[in-house]
Every structure is written in C-alpha cells, then in structure tokens.
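Residue numbers (this note's numbering): 768 to 1480.
To keep things clear, I will list the structure first and then write my remarks on it.
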C-alpha cells in the first residue's frame, strides 16, 4: 500500500501531466467511421482525467432529438452535412477530448471553428480494415453512401478532408488495441507540443550534444536545412535519432500510394513546429505529382531470378537526385526567414547539378527573388549529356560553373567556404546574403531517400514477392554514401533490410575501407569512368554513419576526419569495424565489366541498365547469397550516358551530338523507353553557355560574390 505522501505525489504528477498537456486546448479526434474515435477518446480522457465529448451522442442527437441515422434518412446527404456543421458552429469546449463524426471534417466552417481551440488528431486506419469493421457491425447508413457509389469510394473521397484539417496523424493498424491507440495519441500530442524533443547536433559534437567549438544553442530542422553544414565542419544529425515505426504501422502503408507513404514518413521526421502537416502534404504532392512520368513514382521491376530494380529515374532530370531536389527547394523556401537572401552552393559529380537547377526553378517567383543557386561541377568530369543538362537547366536565379578539377575538389571547396567565417560574415554584412547547401551533406536531402527505400520494400510485399518481416538485401552504386546511408536509416526505422551492399567503380576507396577498416586516400588519383556520379574518393555521408556506430562519439569522429583531411588516411578501431561489417558489404566493378553487364542484360531481357546500375548489378551478382530478394537501386536513366550505352551495345559509329545519340537509342525500342524530360531539355536552345573557372579557392569565392552582386543588388 502506498504511503500518503507517495500517493499524493503520484496523483499530483498525473493531474499536472494531463493539465499541462491540454491546458485549455482540446484533443479533437477525426477519422472515418469505424476508426475507433469514440472508444479511443474515452480511454484518452480517462488517462488524462478530463471531460470526454462524443459529437454524435452528446451533441448531434441531443440537438436533433433523434438518432444520427434517422436524421440522415430524414434530410439526405447534402443537408445532413450542413446540419452537422451548424451544430458544430454552436459548440464550444475546453480542456476536453472530443470525438468528431466521420463526416464533420467535410464542413469547412464547422472545422475552422472547432480547430481554433484544439489539436486535431487523425486516426489513420487502412481502408481495408475500415471496410471489414463496418461490414462486421453491419453499418449501412454512411454519409455519402448511395446506389452506384461504393463504400470504398466514399472512404477514399473523405480522405482529402481528414488530411486538410489534421495537425497530427496516428497510424492505426488492424489488430491494434484501443488502449495502444490511446497511448499513441497521447504520445503524439506530447510530441506536437514539445519541439524541444527534436533538436540536431553535429557529428563532431561532444557526448553532451554540444559542438567541440562550444556552440550551445539548440538547432531544429528549419535551422539545419538552411545552415547545411555545422560550424565545426561536421554534419547535422537528429540528437535523439530517427523515429521507429512498428510492423503494424508499416503494414498499414502497403496499400497506399507513394505520395501517401512519403507524407507519413516525413511527418514523423519533420516536427510540425518546423513544417505543419497540411503544408508538408502540399509540398509532397507538388514534388511527386505531375513532375514524375510514372504514376508509381519509384516503381520496383523484376529483373531476373531474385533481383529487382528500384527505378529512380522517372523524375524530370532522370536520376534519383530528383526525389530530394523536387522536394527540398520547397522545404527550404518555407523554412528560411524572410529577412535574408540566400545563395545555395552545390557541388556535383553529374546528376545533382541538373536536378537542383530544375528543382529550384520550380519555386514561386517571389521565392526566386530571394533564393539563388550556383552549381559547381568538374568541367571535364561529367558525361556530355549531363553537362548539356546542367547548361540547359540554368535560369534567372541558378547558374552552372565548370571547375577545372574533379568532384572531390568541388566538394571540399564548398565545405571550406562554409567554414570560412570571415567570408560568410562579409557576405551577410555587405550583401544581406547567407550561404546554404543543397548537397547530400544537407540533412533534408536524406529524408526523401529514406522514403523510396521503404517504399520499395512495401511494394515487394504488395506484389506478393515477400511477406512483411521477410528480409531483403539492397545494392546501391555508391559514391558520396548518401543513398546508402538512407537505406540504412530505413532499416533503423523498421524496414527489414538485411545487408546493404555498396557498389563502387574503379574509384574504390570506400570498398577498400569497408573490407579493411582503413580509409586511405594517399597516392590515389580519381579515375574518370563510365559511371561518373560515383567517381568519388571522399564520401561525405560516411561521417554520419560512423558517428552513429561510434555511439555518437563526436570527438572520435572529429579525430578521424581531421586525420583524413591532414594526413589522407585513418583506421577504424577493431570493434567499430566489426559493427560496420555487420551492416555493410562492398565490392567494385571495372568499366569493362560494367559495359559487359549492360550488353548481357539487354541481350537476355531487352532492358537497358545505365552505367551506375550496371556497376551495382555486377557487384550484386558477385556478393549476393541468393537466400532472399535483392533490390538494386537504378539511380539514373541510361539516356544520360548514351555514348557508353551505345558502346556497350556494340554500335561501331557514335555521333557526338547528344540529341542524335538519344534518337539512335530510341530506335532500339528497349525498356525503359527514352526519358521524356531529357529529350525536352536537350531540345532547348536558350542558355547555351556557362562559366568555367580554375581550381582555386579565391577564384570560386570571387565568382560567388559576383553572382550575389548581379542577382540580389
């Protein structure tokens, strides 16, 4: 038996917890009929010791003096919605848990009224589960249900209204007990009210979460998307890690579209204080709507045996970079303060350039006036078509600059510019302009990549290839390690990925590191290959992965990467290498083997791989053990590398004109067809020139200052 002081303390703690959580605000539950709003609301009210109001029972039926079903039968569908709304407009409460009817959200004025004093929680239950529940309860009086309109159509139609109004989404699987749903609601409300839970730290922070430079102010998503790189040279990561999804929550996403999956996953990774759910939904729909040529956005295609291709090239610039760079510009524009101009610096080994130029060109005109972009790329280190794309995609607020060096120089130069406080301070004071990064070093670039790795797994489940919980391997052509890191993050969030296989070309420093624990760039020179996007020796995002497996030991990470910078090498401790090799496997592929794989796959299947996907295919063939499916990331469309593809297909004479090369490839009637966006881009005649500069830091900084003067002054 509890002593009186202990009992009183627990009662006081419970009272304070519930009242500090709600205050005068209401928790408002919405969702389709059969979602469990009434039962969940009752349990939440009991746990928080606050009033519980069911709109159907406590408001509508007492107001009308008849049951809801009788009212519906009496006045019909449209008049019923209006009568419901009028009742809601007259209703007021505070500090309560309110369960709305399934049709309340269809009345805009009523919802605007009740939302003013409440946090709207959407109980998101899979449509198939709702239909099963309603059938078992024999509920046939559903608002909107009529001859010729199915229950499934009604439920699908209503989703748009739920999504319009909710502040928080709670995923509810088919077999989840109401008690569990109630706990999830309370946890979600706590998260909504406390953005302090989701701060970011640098990979070079001490264990206390503070930078080694002593920086002590808290950083949130809206800060790190604009800042890009930490002041101490490290990369931003969430202080408390990524959210975890339960198996039931993942399974609830099997039947939904790619856009819906993206919305759900990103809602859990981006706090609503940074971007509200309604705005995030708008951004996601804009990013992955008409800009992608395939309705599935990132379809999974069977290749052969137990190998599947994740096609990531259906965006406007034909590479996986579109997934992040159709989304991030809109996130960035929403998060940045209106009082400052921003110049975004990008370094690319090929695909990022055109993708970031295209993405930022789709911003509203008012945003273009305060956001500009400069894209640095190795002048002689990208394919002719990639260069044509980057030149053609320039616009009034975005430019491409060729650098007479390789990608590693471009990337290192940008990092050094960001950490040059004298230069960045000068730009801010003199021109009112801050610098930001859109490379994969920017945290926001990684989140959309997590989505497509999770979606690929769910698609295999949906296709009946595997059951949920069965493992898959993933093989990715790897350069800067961002795509691979995103796959690992998807695994941490609950997707059953067994092994992440890194595929390198002849620039195989990363492969050697994964095999030996020694990252050694001494004496290595970058080799130009047929897969230029992975012509990278220094993999930036590896730092985030090492920070994770080193238990967030920022001092160790600082030591390793300072040694890499100053001495050109470092070696992992034995225990960390063991952890790494539990997660990662690596192999590499020569140009000769890459072209042979393209020819072989086309000969046997009629499908053309791009050069990077071919690298991954070769490595997957060598390293997979065939005990589970393997998903190979097809990171670009073969059209971007036409000369190498034509050579692989053993075409003797190759016209040097990129457009002619694409027309020749289209005559093969291969799968997939020639990329629509790429053809349109190459047909453009404007903006046919670009700037070229020497591989010199002072020259790059001078270019940046001149561009700021020309655009913002």
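Note that the Cβ used here is the ideal one computed from N, Cα and C, for glycine as well.
Range of the contiguous beta strand (DSSP E) that encloses residue i
i	result
residue 1242	1239 to 1244
residue 821	819 to 821
residue 1263	Residue 1263 -> no beta strand (DSSP E), and no H or E assigned at all.
residue 716	Residue 716 lies beyond the residue range present for the chain, which begins at 768 and ends at 1480; the question has no answer from this structure.
residue 936	935 to 938
residue 793	793 to 797
residue 1200	1200 to 1204
residue 887	885 to 891
residue 918	From DSSP, residue 918 is part of no beta strand (DSSP E) but of the alpha helix (DSSP H) over 918 to 932.
Buried versus exposed, by CB contacts within 10 Å (16 or more), residue i
i	result
residue 777	Any answer about residue 777 is weak, because its pLDDT of 39 lies below 50 and its placement is not dependable; what the coordinates show is given next. With fewer than 16 other Cβ atoms within 10 Å, it is exposed.
residue 942	exposed
residue 1114	buried
residue 1007	exposed
residue 861	exposed
residue 1379	buried
residue 1184	buried
residue 1061	exposed
residue 1104	exposed
residue 1442	buried
residue 914	exposed
residue 781	With a pLDDT of 42 at residue 781, under the threshold of 50, the predicted position of this residue should be treated as unreliable, and no value is reported.
residue 920	exposed
residue 733	An answer regarding residue 733 cannot be provided, because it is not within the stretch 768 to 1480 covered by the chain.
residue 1147	exposed
residue 916	exposed
residue 981	Residue confidence is low: residue 981 scores 45 on pLDDT, short of 50, so the model does not pin down where it sits. Its coordinate-derived value is still stated next. When all chains shown are included, residue 981 counts as exposed.
residue 833	exposed
residue 1371	exposed
residue 1211	buried
Cα-Cα separation, residue i to residue j
i	j	result
residue 1197	residue 954	46 Å
residue 802	residue 987	33 Å
residue 1013	residue 1019	10 Å
residue 826	residue 1017	36 Å
residue 878	residue 856	8 Å
residue 1295	residue 1035	40 Å
residue 791	residue 887	14 Å
residue 1504	residue 874	Given that the chain is displayed from residue 768 to residue 1480, the structure contains no residue 1504 and the question cannot be resolved.
residue 1262	residue 1088	22 Å
residue 1073	residue 789	52 Å
residue 946	residue 1369	54 Å
residue 846	residue 872	15 Å
residue 978	residue 997	Unreliable placement is indicated for residue 978, whose pLDDT of 46 sits below 50; the coordinate value is still reported in the next sentence. Whole-angstrom Cα-Cα distance: 9 Å.
residue 1056	residue 923	18 Å
residue 1229	residue 1321	41 Å
residue 890	residue 1425	51 Å
Nonlocal neighbours in the same chain, by C-beta distance under 7 Å from residue i, ignoring five residues either side
i	result
residue 1381	1361, 1364, 1365
residue 1405	1375, 1376, 1377, 1412
residue 959	886, 934, 935, 1039
residue 1454	Residue placement at residue 1454 is flagged as unreliable, the pLDDT there being 46, under the threshold of 50; a coordinate-derived value is accordingly withheld.
Own chain residues within Cβ distance below 6 Å of residue i, not counting five before or after
i	result
residue 1452	With a pLDDT of only 46 at residue 1452, under 50, the local geometry of the prediction cannot be trusted, and the value read off the model is given with reservation. Correct list: empty, nothing qualifies.
residue 1162	1128
residue 858	826
Residue i: CB within 7 Å of a non-hydrogen atom of the ligand GTP
i	result
residue 1150	The ligand GTP is absent from the structure shown, which contains no ligands of any kind.
Own chain, CB closer than 8 Å to residue i, minus 5 neighbours either side, in chain order
i	result
residue 1051	1026, 1029, 1030, 1033, 1094
residue 1331	1286, 1288, 1305, 1337
residue 1257	1217, 1220, 1221, 1224, 1264
residue 1492	Since the first residue shown for the chain is 768 and the last is 1480, residue 1492 is missing from the structure and cannot be characterised.
residue 1343	1284, 1313, 1316, 1317
Segment limits, alpha helix (DSSP H) that includes residue i
i	result
residue 1250	1249 to 1259
residue 959	945 to 960
residue 1387	1378 to 1390
residue 1365	1358 to 1372
residue 1126	1118 to 1128
residue 1055	Here residue 1055 belongs to no alpha helix (DSSP H), and DSSP marks it neither H nor E.
residue 854	844 to 856
residue 815	804 to 815
residue 1444	1443 to 1450
CB contact below 8 Å: residue i versus chain C
i	result
residue 1009	The question asks about chain C, but that chain is absent: this structure has only one protein chain.
### Query
Where are the alpha helix (DSSP H) runs, 4 residues long or more, that stay fully inside the segment 1323 to 1352, in chain order?
As far as the segment 1323 to 1352 is concerned, its whole alpha helix (DSSP H) runs of at least 4 residues are 1341 to 1350.
### Query
Curious, which full-length alpha helix (DSSP H) runs of at least 4 residues does the segment 1063 to 1108 contain?
For the segment 1063 to 1108, whole alpha helix (DSSP H) runs of length 4 or above, ordered along the chain, are 1088 to 1092, 1095 to 1102.
### Minimum length 3: unbroken beta strand (DSSP E) runs contained in the segment 1396 to 1431
1397 to 1401
### Message
Please give me, in chain order, every unbroken run of the beta strand (DSSP E) with length at least 3 that falls completely inside the segment 1264 to 1327.
### Response
1264 to 1271, 1285 to 1287
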